[in-house]
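Just so you know, we're using our numbering here: the sequence shown kicks off at 293 and counts up by one.
Cβ coordinates follow ideal geometry from the N, Cα and C atoms, glycine included.
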Amino acid sequence: MRELVPKILKTRFFRFMLDSNASEHGARMTAMDNATNNADDLLRDLSIQYNRVRQAAITTEITEIVGGAAALQG
293 MRELVPKILK TRFFRFMLDS NASEHGARMT AMDNATNNAD DLLRDLSIQY NRVRQAAITT
353 EITEIVGGAA ALQG
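Here it is as structure tokens:
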């Protein structure tokens, strides 16, 4: 009995340590998953913004070219 009690306590302590490590690992994985999702959202939003600005610049250039051609003809 004297040997059994310390062994049980050691086993329980070890299990608590394993549970703690697993919990921390799970929390880190969740945090990294959220960070990845946020980065993906940011990248998508920035790509849309960049494409809109680029499209506006192209439209402006086309308008200027057409306006210049019309001025030359008329």
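Residues of the same chain with their beta carbon placed closer than 8 Å to that of L335 are lacking, with the five preceding and five following residues left out of the count. Annotation: M324 to D337 spans about 20 Å, alpha carbon to alpha carbon. Between S315 and F305, the alpha-carbon positions lie close to 15 Å from each other.
Per the coordinates, the alpha-carbon of A348 lies some 12 Å from the alpha-carbon of E356. Unbroken beta strand (DSSP E) runs of no fewer than 3 residues, entirely contained in the stretch 317 to 363, are not found.
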